[in-house]
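Enquirer: Got a structure here, written out as structure tokens. Questions coming.
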Amino acid sequence: MPMLLSPISFSVETPPGPLNFQKTLDRHFPGAYPCDAFVDISSFHLRPFGIEKKNSIACVSVCRDEITTPFMNKIHHTWDGAFDFSSLAGMLYLGVTGFQAAHHHAPNDDGKERYVYFAFPHIAIDEQGIPGNCRRSGRQAMSQACGALLKILEESSQGIISLDLDQDDLEQSLLKQRLFGKMGLAEIPDLLSLTKVTQQIIKNDLERMIHLTVNPITTDYAVYTGVQIHGPAHKDWIWVEESYVVVDGVKKPVL
Ligand SMILES: [Zn+2]
């Protein structure tokens with residue numbers, strides 16, 4: 000049943016002075032890489048750990064939104080394919096069975112398996128630095144991303160949120176359950192903060208699934224997680240919140 004809440008207003012945080020894309024990016028996602036450069040650099044930094052295209056499988060979770068496709072395509076090109084973990088908002092709902100399926104597809108010619116996980120929710124930022132807004136080819140009006148998170152903000156502003164598992168809206172209802180399990184019903188932030196909360200949930204879910212399905216003594220793996228940002232002129236950026244490898248059971252930072 001829908002839960003009645005007090006109407007909650009949400010607003011985009013506005014720093015002093017005129018906003019633009021770069022200011023918003025630098026303020027909230029400092030050090031973000033151009034999308035293709037990130038994929039190249041992240042691959043380059045794994046080679047000293049013995050993790051490379053010929054002996055590893057890439058596993059990717061991004062939002063289902065088609066504007067995430069260039070990022071996915073670049074990973075496919077760089078890693079010679081990728082197992083798709085994606086759901087709405089980049090959440091990980093494939094579970095133990097999905098993780099095991101991906102792992103069983105990894106190269107193991109040398110007797111060892113290696114996995115590279117990419118887990119990135121997304122957000123758009125327009126020319127004026129407004130979070131959520133983006134242009135889509137063939138559509139006249141301004142569009143938005145991530146639509147799944149914006150829908151939750153909209154429902155929250157109206158004071159009605161259902162936390163039931165909706166069989167006709169599985170991914171979105173699971174997303175709400177996970178978000179409100181972490182935040183509480185009265186703690187709806189703005190879109191930027193909600194995106195970062197989502198990223199933390201995705202990271203926690205990823206690490207729980209790794210714990211359940213990976214033996215770090217016999218398997219090496221890398222984790223890249225953060226936020227994909229869609230900027231003006233259809234240019235994407237990647238902000239890395241955390242990156243590390245686990246080689247021979249030892250965790251080490253990369254990037
Ligand atoms: Zn989305």
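In numbering that gives the first Met the number 0, the protein residues as written are 0 to 254.
In this text, a Cβ means the ideal position worked out from N, Cα and C, and glycines have one as well.
1) Within 10 angstroms of the Cβ of Arg177, are there 16 or more other Cβ atoms? Answer buried if so, exposed if not.
2) Check Asn107 in the structure and name its three-state DSSP category.
3) Would you list the one or two residues that DSSP bridges to Val245?
4) With DSSP as the reference, identify every bridge partner of Gln227, one or two as the case may be.
5) Regarding Ala144 and ligand 1, is the C-beta to nearest heavy atom distance less than 7 Å?
6) Could you tell me the alpha carbon to alpha carbon distance between Val161 and Ser172, rounded to whole angstroms?
7) Please report the distance separating the alpha-carbon of Ala81 from that of Lys53.
8) In terms of residue numbering, what span does the alpha helix (DSSP H) encompassing Cys58 cover?
9) Using a Cβ-based criterion (distance less than 7 Å to any ligand heavy atom), does His233 qualify as near ligand 1?
10) Counting only the same chain and skipping the five closest in sequence on each side, list residues whose C-beta sits under 7 Å from that of Ile109.
11) Suppose the cutoff is 6 Å on Cβ atoms and the five residues either side in sequence are ignored; what does the same chain contact list for Ala101 look like?
Expert: With the given structure in hand:
1) Arg177 counts as buried, since no fewer than 16 other beta carbons sit within 10 angstroms of its beta carbon.
2) The three-state secondary structure of Asn107, taken from DSSP, is coil.
3) Partner(s): Tyr220, Lys250.
4) Looking at the DSSP output, Gln227 bridges to His121, Ile237.
5) Within the cutoff, so yes.
6) Reading off the sequence, residue 161 comes out as Ser, not Val. C-alpha separation (whole angstroms): 8 Å.
7) Rounded to whole angstroms, Ala81 to Lys53 spans 13 Å at the Cα level.
8) Per DSSP, Cys58 belongs to no alpha helix (DSSP H); it is in the beta strand (DSSP E), 56-60.
9) No; taking the cut-off as 7 Å, the Cβ of His233 has no heavy atom of ligand 1 nearer than that.
10) For the record, residue 109 in the displayed sequence is Asp; it is not Ile. Excluding sequence neighbours, Asp109 sits near Asn54.
11) Cβ contact annotation for Ala101 (same chain, cutoff 6 Å, sequence separation greater than five): Cys58, Phe82, in chain order.
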